[in-house]
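In my numbering, the protein residues as written are 1164 to 1417.
Quick reminder that beta carbons are idealized off the backbone N, C-alpha and C, glycines included.
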Ligand SMILES: NC(=O)c1ccc[n+]([C@@H]2O[C@H](COP(=O)([O-])OP(=O)(O)OC[C@H]3O[C@@H](n4cnc5c(N)ncnc54)[C@H](O)[C@@H]3O)[C@@H](O)[C@H]2O)c1
């Protein structure tokens, strides 16, 4: 038995980064993965990678998970193709950064929409399917959701991710009686296409922060996805409402 054998997993943003890694690992652990992305090429590449590794996957693109109607159609399609839904993995987000006196109202609203509302839209669409046989929602938060972050002005990002962490707790309470678990994983800095520019710029602007990480390296997508596999599996059936920080220990420092 693999750890996610037979489970139907809908994952947003599988076209790159941690979403791609999640698609690979969930499929390798026996899940039937249904992905979406706004990026057609990225999604197609992920489908070929997963299939070449022997995994079962399908996907739709372009699907904007920040569009309530589009995400509902994608989730209903996944549930009808596979006869139900067991896991909703809210990975996708798009950030907007700007100092508090410079960020525009439009950018602030975009960030809240694409980092917090995006999770609500998918959960709202998935809830009726998850209620049918129980299931789990895996949300991706951030260390910026529970503390101030000294690099880059993360006001909108942090506020949105704080919302995701709290929404997870509320979903755990509302979902418990229906056998629905909700968990959040909050990564520290992880090298992905979204963050590579920070790793590549000479000298890396975050070097001083990275040097203080107790485990002495930045994160890799599999660090986060390993936690997600466990939390989505039946090994975690009495775990709900948590925010699991995966950051090499960085956030325990004062
Ligand atoms: N990389 C980090 O250091 C870090 C740290 C903390 C939290 N996170 C969170 O982890 C998650 C994944 O981040 P990543 O670094 O792997 O990003 P990434 O940009 O490498 O990958 C994100 C994928 O999601 C897709 N996507 C974005 N918006 C979408 C939308 N509206 N609808 C459908 N698809 C969409 C993108 O096209 C891309 O393929 C995000 O929620 C991010 O906020 C990342």
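Could you check the C-alpha separation between residue i and residue j for me, to the nearest Å?
i: residue 1202; j: residue 1370; result: 30 Å
i: residue 1179; j: residue 1356; result: 7 Å
i: residue 1258; j: residue 1405; result: 23 Å
i: residue 1403; j: residue 1303; result: 14 Å
i: residue 1205; j: residue 1177; result: 8 Å
i: residue 1268; j: residue 1286; result: 26 Å
i: residue 1245; j: residue 1171; result: 7 Å
i: residue 1276; j: residue 1398; result: 33 Å
i: residue 1263; j: residue 1242; result: 41 Å
i: residue 1309; j: residue 1265; result: 23 Å
i: residue 1330; j: residue 1344; result: 12 Å
i: residue 1332; j: residue 1373; result: 30 Å
i: residue 1338; j: residue 1293; result: 9 Å
i: residue 1284; j: residue 1232; result: 8 Å
Please tell me whether residue i and residue j are closer than 8 Å, where the distance is taken between their beta carbons.
i: residue 1191; j: residue 1174; result: no
i: residue 1416; j: residue 1375; result: yes
i: residue 1346; j: residue 1279; result: no
i: residue 1288; j: residue 1250; result: no
i: residue 1396; j: residue 1166; result: yes
i: residue 1324; j: residue 1307; result: yes
i: residue 1219; j: residue 1196; result: yes
i: residue 1193; j: residue 1168; result: yes
i: residue 1256; j: residue 1281; result: yes
i: residue 1319; j: residue 1385; result: no
i: residue 1254; j: residue 1181; result: yes
i: residue 1412; j: residue 1382; result: no
i: residue 1217; j: residue 1295; result: no
i: residue 1315; j: residue 1260; result: yes
i: residue 1321; j: residue 1327; result: no
Helix, strand or coil for residue i, going by three-state DSSP, please let me know.
i: residue 1407; result: strand
i: residue 1197; result: strand
i: residue 1358; result: coil
i: residue 1275; result: helix
i: residue 1219; result: strand
i: residue 1382; result: strand
i: residue 1254; result: coil
i: residue 1173; result: strand
i: residue 1267; result: coil
i: residue 1344; result: strand
i: residue 1321; result: helix
i: residue 1298; result: strand
i: residue 1366; result: coil
Is it the case that the CB of residue i approaches a heavy atom of ligand 1 more closely than 7 Å?
i: residue 1321; result: no
i: residue 1231; result: no
i: residue 1277; result: yes
i: residue 1258; result: yes
i: residue 1358; result: yes
i: residue 1305; result: yes
i: residue 1181; result: yes
i: residue 1173; result: no
i: residue 1198; result: no
i: residue 1240; result: no
i: residue 1368; result: no
i: residue 1227; result: yes
Shortest alpha-carbon distance to residue i belongs to which of the options?
i: residue 1354; options: 1311, 1346, 1348, 1363; result: 1363
i: residue 1200; options: 1261, 1351, 1213, 1229; result: 1229
i: residue 1410; options: 1377, 1274, 1402; result: 1377
i: residue 1389; options: 1189, 1164, 1170, 1172; result: 1189
i: residue 1212; options: 1183, 1240, 1400, 1227; result: 1183
i: residue 1401; options: 1335, 1366, 1240; result: 1335
Output yes if chain E places a C-beta closer than 8 Å to the C-beta of residue i; else output no.
i: residue 1232; result: The question asks about chain E, but that chain is absent: this structure has only one protein chain.
Following a CB-centred definition, is residue i positioned closer than 7 Å to any heavy atom of ligand 3?
i: residue 1254; result: Among the ligands modelled here, namely ligand 1, ligand 3 does not occur.
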